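Down below is the structure, laid out as structure tokens.
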Amino acid sequence: MQGSSYVLAPMSYVLPGERRPVSYTFEPPAGIPWENATYDVREVAIHDARQAEQEPQLEREGFELWDAPTSVKNFLDHEEVRSDYYQEARELALAVTGGSQAYVFDHLVRRREPRTSSLSFGKRAENGLAAANGRIHNDYTEQSGQKRLALVVRDLEIMAQIRRYCIINIWRPTHHTVLDTPLAVCDARTVRQSHLLACDVKYPNRTGEIYLSRFSPRHRWSYFSEMQPNEALIFKQYDSQFSGVSRFTPHAAFDHPHAPTDAPPRESIELRCLVVF
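Structure follows, in structure tokens:
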């Protein structure tokens, strides 16, 4: 599959409407749809970042790839992930960002639904795993990014010393080489605030807020071909610094048009980490 500098694939942008977008991560009440937004599917060029003239950087494009082997054997073992993988992630986050402290606050394991199913918002299947998320989104908005700091850092002395913080996502395949449904990331330099639309995400016990994205011909999309389980894609989801750094990196899964028909369904883990400076 390597060799071409880009592929053309459909991506789900949001169409602004009269109602605020809402998506459910669990089966909604009777008569309420899983998603109430209408999506604008566009065929876009998604460039293979392995062939980029310059390696992408977290503070410039909003993402970068690291060789980061893990000791975790079973990513479905919640305790092993929380004890071993969270520590690995904290160390990786500090190495990537140069921050002073890193706080891991959640993770999610995903498995691609059968390719006969269209990519959706990533709702959970009967096996309890979330599906791949094919909606272009950013995990935090200006408001929810600001709120997350107080939810994560409870020590008032540490809080008083923080001058800047960011939220990053660490994404990796858990089993096989990713052939069928890679993760595409949008160059943060090509994203404007006007492109982003706040969306409510309903969880069983709370409501979160993310950004969806309108289409813009400015957007430049990338992915890393054939990612291996020893590789980690780190990308920015929020930064409290308003200029000079990447702040939002919209992303989405996409079906690779040249994936082998017998490619195993993509399985991955994503982990969110707040880094303070």
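Going by the working numbering, the sequence shown opens with residue 165, and the numbers climb by one from there.
Ideal Cβ positions, reconstructed from N, Cα and C, are used throughout, including at glycine.
Because the structure is a prediction, the values reported are computed rather than measured.
Proximity to D204 [Cα-Cα], best of A213, G262, P174 and I398
Here residue 204 refers to the residue found at position 40 when the sequence shown is read from its first residue. For D204, the nearest C-alpha among the options comes from P174.
Rounded straight-line distance, which links the Cα of E390 to that of M165:
Taking the sequence shown and counting its residues from 1, one reaches residue 165 at position 1. Taking the sequence shown and counting its residues from 1, one reaches residue 390 at position 226. Summary for M165: the model assigns pLDDT 47, below 50, so the residue's position carries little reliability, and this model does not support an answer.
On the DSSP letters alone, give me the boundaries of the beta strand (DSSP E) that K366 sits inside.
To locate residue 366, count along the sequence shown from 1; it is residue 202. Counting along the chain, K366 sits inside the beta strand (DSSP E) bounded by residues L360 to K366.
Using 7 Å as the threshold, is the C-beta distance between A295 and G286 below it?
In the sequence shown, residue 295 corresponds to position 131, counting from 1. In the sequence shown, residue 286 corresponds to position 122, counting from 1. Yes.
Helix or strand or just coil, what does DSSP make of Q310?
As a first step, residue 310 must be located in the sequence shown, where it is residue number 146. Of the three classes helix, strand and coil, the one that applies to Q310 here is helix, per DSSP.
Sufficient close CB pairs (3 or more, under 8 Å) joining the segment 185-203 to the segment 316-324:
no
Among P428, V439, C437 and F441, nearest to P278 - alpha-carbon criterion:
Reading the sequence shown from its first residue, position 114 is the one you call residue 278. Per the Cα distances, P428.
In whole angstroms, give me the CA-to-CA distance for G262 and S432.
Locating residue 262 in the sequence shown gives position 98, counting from the first residue. Locating residue 432 in the sequence shown gives position 268, counting from the first residue. Taking the straight line from one Cα to the other gives about 26 Å.
Sequence-distant residues of its chain with Cβ nearer than 7 Å to R312 (five each side left out):
For the purposes of this step, residue 312 is taken as the residue at position 148 of the sequence shown. Excluding sequence neighbours, R312 sits near Y304, I331 and L438.
In terms of alpha-carbon separation, which member of Y249, K400 and W198 lies closest to A226?
The residue you call residue 226 lines up with position 62 of the sequence shown. In the sequence as presented, Ala is not what sits at residue 226; that position holds Gly. That would be K400, whose Cα lies nearest to the Cα of G226.
Rounded to a whole number of angstroms, what is the C-alpha to C-alpha distance between Y170 and D319?
In the sequence shown, residue 170 corresponds to position 6, counting from 1. In the sequence shown, residue 319 corresponds to position 155, counting from 1. Here the alpha carbons of D319 and Y170 stand approximately 46 Å from one another.
Taking all protein chains shown into account, decide if A216 is buried (16 or more other Cβ within 10 angstroms of its Cβ) or exposed.
Against the sequence shown, residue 216 aligns to sequence position 52. With fewer than 16 other Cβ atoms within 10 Å, it is exposed.
Can you check whether the CB of F379 is closer than 7 Å to the CB of Y177?
Here the question's residue 177 lines up with position 13 in the sequence shown. Here the question's residue 379 lines up with position 215 in the sequence shown. A Cβ-Cβ contact shorter than 7 Å links Y177 with F379.
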